[in-house]
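A.B. asks: Residue numbers (our numbering), protein chains in the order written: chain A, 1 to 116; chain B, 117 to 230.
Even for Gly, the Cβ is constructed at its ideal location relative to N, Cα and C.
This is the structure I want to talk about, given as structure tokens.
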């Protein structure tokens, strides 16, 4: 069975500092993609970053980077230079070959609070 | 343009009402999804349409009826809902159903059933 685990229900970070949100996953899929989404209080889920299981390099998108350690089955999100607008819920998610790509498995989420 | 639009933003309906939620995307995506999200929980998949055909129904009660009139539109028809159906309903789309494509979500419809 596929599973995503986010062990940090809530995180605080000072503005302009970096923060790491943890994500571990479990799958028997030979091919899979890992995603991070941000959900502000308004409700919209915003796609942040993607890492494919065969990608050799860690993904980066602006201030977001994904620390992918395949052997440890972890895909942590690093946000550099936090901004007040980064305060939101963050979901780690996975889609895999055996689920046909239809199903996205979400973690429970981590709520990030950025302090001024 | 990576926009998925949803209407209405808010909906209050009685248990005997019939209403519809609408979702639209113009990115040429061929997979579209309905999710239900309760407060402080991750989204739960309800339905998936791939190339305008229903591919997945996650054992959703028949009081929810999806419809995909064309590749850009997705509707969710609601009838005889229960108070526990109150939630945020999110629509999403992706290029197709391949596992390496990200999903783009709409802003959601906040549904309250009275």
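Got a sec, what are the start and stop residues for the beta strand (DSSP E) residue 215/B sits in?
C.D. replies: To locate residue 215/B, count along the second chain from 1; it is residue 99. Unbroken run through residue 215/B: none, as it is neither H nor E.
A.B. asks: Let me know the secondary structure DSSP gives residue 140/B once reduced to three states.
C.D. replies: Position 24 of the second chain, counted from the first residue, corresponds to residue 140/B. Three-state DSSP puts residue 140/B in a strand.
A.B. asks: Scan the stretch 64–107 of chain A and note each continuous beta strand (DSSP E) run of 3 residues or more that stays entirely inside, going in chain order.
C.D. replies: The stretch 64–107 of chain A contains these whole beta strand (DSSP E) runs: 64–69, 74–79 and 88–96.
A.B. asks: Under a CB-based cut-off of 9 angstroms, is residue 220/B close to chain E?
C.D. replies: The structure shown contains no chain E; its protein chains are A and B.
A.B. asks: Using 8 angstroms for Cβ pairs, my map puts residue 106/A next to residue 159/B. What's the rounded Cβ distance?
C.D. replies: Within the first chain, numbered from 1, the residue matching residue 106/A stands at position 106. Within the second chain, numbered from 1, the residue matching residue 159/B stands at position 43. With 8 angstroms as the limit, residue 106/A and residue 159/B qualify as a contact, their Cβ atoms being about 6 angstroms apart.
A.B. asks: Residue range of the beta strand (DSSP E) that residue 52/A falls in?
C.D. replies: In the first chain, counting from the first residue as 1, residue 52/A sits at position 52. Per DSSP, residue 52/A belongs to the beta strand (DSSP E) from 46–52.
A.B. asks: Start and end of the beta strand (DSSP E) containing residue 112/A?
C.D. replies: The residue given as residue 112/A occupies position 112 in the first chain. Here the beta strand (DSSP E) through residue 112/A covers 110–115.
A.B. asks: Taking the alpha carbon of residue 102/A as the reference point, which residue from 157/B, 169/B, 144/B and 132/B has its own alpha carbon closest?
C.D. replies: In the first chain, counting from the first residue as 1, residue 102/A sits at position 102. That would be 169/B, whose Cα lies nearest to the Cα of residue 102/A.
A.B. asks: Taking the beta strand (DSSP E) that residue 182/B belongs to, which residues open and close that run?
C.D. replies: For the purposes of this step, residue 182/B is identified with residue 66 of the second chain, where counting begins at 1. Its beta strand (DSSP E) spans residues 180–186.
A.B. asks: Below 8 angstroms on the Cβ atoms is my contact criterion, and I expect residue 122/B with residue 223/B to pass it. Report the Cβ-Cβ distance as a whole number of Å.
C.D. replies: Against the second chain, residue 122/B aligns to sequence position 6. Against the second chain, residue 223/B aligns to sequence position 107. A Cβ-Cβ distance of about 6 angstroms is found for the pair residue 122/B and residue 223/B, placing them in contact under the 8 angstroms criterion.
A.B. asks: Below 8 angstroms on C-beta distance, what does residue 133/B contact in chain A?
C.D. replies: Taking the second chain and counting its residues from 1, the one referred to as residue 133/B is at position 17. Under the 8 angstroms cutoff, chain A gives no residues; its nearest Cβ is about 22 angstroms from residue 133/B.
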